[in-house]
């Protein structure tokens, strides 16, 4: 009488007080279409009845990078290691905006889908994961602007970027899922989390090397800085696209370890809390 | 197909300890430390407890019970929306529930898009939705509006579309909760027909409803819940009779003074106190009077009124002689032609032109929709409730 996965038609499912304490990957796979539908709905709905539509996916990072270039590149005079500041900043901004939007949307996701949670069964983890997919589309759109900027400044990435960039984005995505599912579960119980998010995002951004290179952090404090997983992700992308080098191994490994720990923690907490979502939300 | 073994679901009583914000939790912790005795009192209640039953493949089982008896909790547990506190459930097949139709409908998406979205949420694969798409659209009667965002739909269209998607689910086990309460009369008929079709197709169905006629029509076996416990499990007619019978004894009117000193009404009641009157059954009332003197030619006029108070019928009759002391009279109204619904009595008593008594709003009662011998007209009567007019049996025959 093994607790079977949701095999399509045959097979018994057993429901017990402690079932639902773990995440079943097989079941997530069975429901992959639903994941796709959720993501598609988010994308489809987002720009309905808006004049500029999908252009917003370009305008948001564009306006942000202009502001940052004026303030941090111009007024504050932050160095960018010989890379034109707008490009330098934009490369950092892309993964950051993806991460921030994912976390933001994921956190709100469980509460905003409360109608579904109390009516229909599906693996709950689908909801925060789907919330990270729409920002992925925005990221793809915003990347086109990067291509234009790099061409403008005559910067050519090496072949290495072909595998370094996807790896880096996967990393950012897993991190967003981990943090997003943790916060979304907490938000079901404590709506404070939702209130906190804008501040968290803001603080987190300035703690990450988006507008500055991590080299401006004093040597002896770098390990604290590297506790922030985005300190691994963002320079990785810059190394891959702008400096044609492999990122420094030690600090990257450190950030990666923190990221994986956060991912595991997020999923585990979500699994523990998901049983009573429908009763609480 | 479905085995439920002594499951229970305990909820926390919400009002006192809802921790919606962090501050609430902290305050609660602090207060509990300060005054432990105050908050150690039971904060939980069992919405369902000690419930066991099993359902074989292809059975169509009705679930009845008053509000709060645990029916919805049961469906929530079976559909895995929430986890049981104790016990276990084994399910042998894909479960789909129609707990709430239209789950996941998004106002900005078009009808077409919502069919796919909603279908996926209810557990259909994209291919299944595609193959049933035309049938869903036809069922919902929204062909012309397929590409309109559903925020522009009328509420009727919205509901029809929602039910249409749900009605095209083909799981091994189907849980249905009150979906028949939607849409206009025409659409309800369609829904009921669809339900009956599902029941006949050999699928396992658990059907929760307050619509007893629908339950009687569709199911063979019934579970009855009372205060979170399974109080009865048996053949549908027996359980329904118990359910209706247990809904409180028939009302009775006692000790009524009339406008004549020597004429006292002891009681007015239904002759058959246990069995609820089916709408096609005769109505029998019993009147006991106690007289201080003999009365001659007393006219009694019994009236039956609908829930709005309008008089639907009168049954006058005259009693020649009533002796001093106690007398019990009874009246049997055979062909009242009343459709199922809520009614009350009025009673007028007179001697010649001399008024003795008039009272109305007596013995409020319900004529249930059970008992009709013709299953096909039942759903018709149910949805025509209060609009049927007199119910007069008749039959079209082919020549």
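Residue numbers (the working numbering), protein chains in the order written: chain A, 9 to 289; chain B, 4 to 402.
Glycine is no exception: its CB is placed at the ideal position from the N, C-alpha and C atoms.
For clarity, every value in this text was computed on a predicted model and none was experimentally measured.
6 Å Cβ shell around residue 94/B - same chain, five flanking residues per side excluded = 5
ask   = Taking only beta-carbon atoms, is residue 100/B less than 9 Å away from chain A?
value = Taking a beta-carbon distance threshold of 9 Å, residue 100/B counts as an interface residue toward chain A.
ask   = Taking 9 Å as the CB-CB limit, is residue 53/A close to chain B?
value = The beta carbon of residue 53/A sits closer than 9 Å to some beta carbon of chain B.
ask   = Is there a Cβ from chain B that is less than 9 Å from the Cβ of residue 243/A?
value = no
message = For residue 55/A, which residues in the same chain have their Cβ closer than 7 Å to its Cβ, ignoring the five residues on either side in sequence?
response = 61, 62 and 64
task = Could you list the residues in the region 127 to 143 of chain A with a C-beta less than 9 Å from some C-beta on chain B, going in chain order?
result = 127, 128, 129 and 130
key: Span separating the alpha-carbon of residue 159/A from that of residue 95/A   = Rounded to whole angstroms, residue 159/A to residue 95/A spans 10 Å at the Cα level.
message = Given this structure, state the Cα-to-Cα distance separating residue 176/B from residue 98/B, to the nearest angstrom.
response = 5 Å
request  = Within 10 angstroms of the Cβ of residue 83/B, are there 16 or more other Cβ atoms? Answer buried if so, exposed if not.
outcome  = buried
message = Since residue 362/B and residue 232/B should fall inside the 8 Å C-beta cutoff, what is the C-beta to C-beta distance between them, to a whole number of angstroms?
response = Wrong, their Cβ atoms sit about 40 Å apart, outside the cutoff.
key: Beta-carbon proximity list for residue 107/B, same chain, < 6 Å, skipping 5 on both sides   = 120, 121 and 124
ask   = In this structure, does DSSP put residue 276/A in helix, strand or coil?
value = Residue 276/A falls in the helix class under three-state DSSP.
key: Test: residue 123/A CB closer than 9 Å to a CB of chain B   = yes
task = Could you check what DSSP says for residue 361/B in three-state terms: helix, strand or coil?
result = strand
Three-state secondary structure assigned by DSSP to residue 219/B = If DSSP states are grouped into helix, strand and coil, residue 219/B belongs with the helices.
query = Can you give the Cα-Cα distance for residue 65/B and residue 109/A, rounded to whole angstroms?
reply = 47 Å
request  = Measure the C-alpha to C-alpha separation of residue 32/A and residue 370/B and round it to an integer number of angstroms.
outcome  = 52 Å
ask   = Would you report the Cα separation of residue 92/A and residue 144/B, rounded to the nearest angstrom?
value = 60 Å
query = Mind checking residue 134/A: buried by the 16 CB within 10 Å criterion, or exposed?
reply = Residue 134/A is buried by the Cβ-count criterion.
request  = Throw me the rounded Cβ distance for the residue 119/A and residue 196/A pair, which I believe falls under 8 Å.
outcome  = Contact check for residue 119/A and residue 196/A: beta-carbon distance about 6 Å, within the 8 Å limit, so the pair qualifies.
ask   = Is the number of C-beta pairs between the region 67 to 78 of chain A and the region 203 to 210 of chain A that are closer than 8 Å three or more?
value = Fewer than three pairs of CB atoms, one per stretch, sit closer than 8 Å, so the region 67 to 78 of chain A makes no contact with the region 203 to 210 of chain A.
inquiry  = Could you compute how far the alpha carbon of residue 7/A sits from the alpha carbon of residue 281/B?
reply    = The structure shown does not extend to residue 7/A, since chain A is modelled only from 9 through 289, so no value can be given for it.
Proximal chain A residues relative to residue 125/B, where beta-carbon distance stays under 9 Å = 128
ask   = Under the three-state reduction of DSSP, which class applies to residue 260/B: helix, strand or coil?
value = strand
inquiry  = Taking only three categories from DSSP, how would you classify residue 9/B?
reply    = strand
query = For residue 269/A, does the count of other Cβ atoms within 10 angstroms reach 16, so buried, or fall short, so exposed?
reply = exposed
message = Can you look up residue 49/B in the DSSP assignment and give me helix, strand or coil?
response = strand
message = Determine, for residue 227/A, whether the minimum Cβ-Cβ distance to residues of chain B falls below 9 Å.
response = no
key: Own chain residues within Cβ distance below 6 Å of residue 235/B, not counting five before or after   = The answer, listed in chain order, is 227, 242 and 245.
key: The alpha helix (DSSP H) enclosing residue 81/B, as first and last residue numbers   = For residue 81/B, the enclosing alpha helix (DSSP H) starts and ends at 74 to 81.
ask   = According to DSSP, which residues form a beta bridge with residue 220/A?
value = Note: residue 220/A sits in no beta bridge, so no partner.
message = Only counting the same chain, and skipping five residues up and downstream in sequence, which positions put a Cβ closer than 7 Å to that of residue 180/A?
response = Exclusion of the five residues before and after residue 180/A leaves 103, 106, 107 and 241 as the residues of its chain whose Cβ lies within less than 7 Å of its Cβ.
task = My understanding is that residue 130/B touches residue 171/B, with C-beta atoms under 8 Å, so please give their C-beta distance in whole angstroms.
result = That pair is no contact at about 13 Å.
request  = Name, please, each residue of chain B whose Cβ falls closer than 7 Å to the Cβ of residue 42/A.
outcome  = 123 and 124
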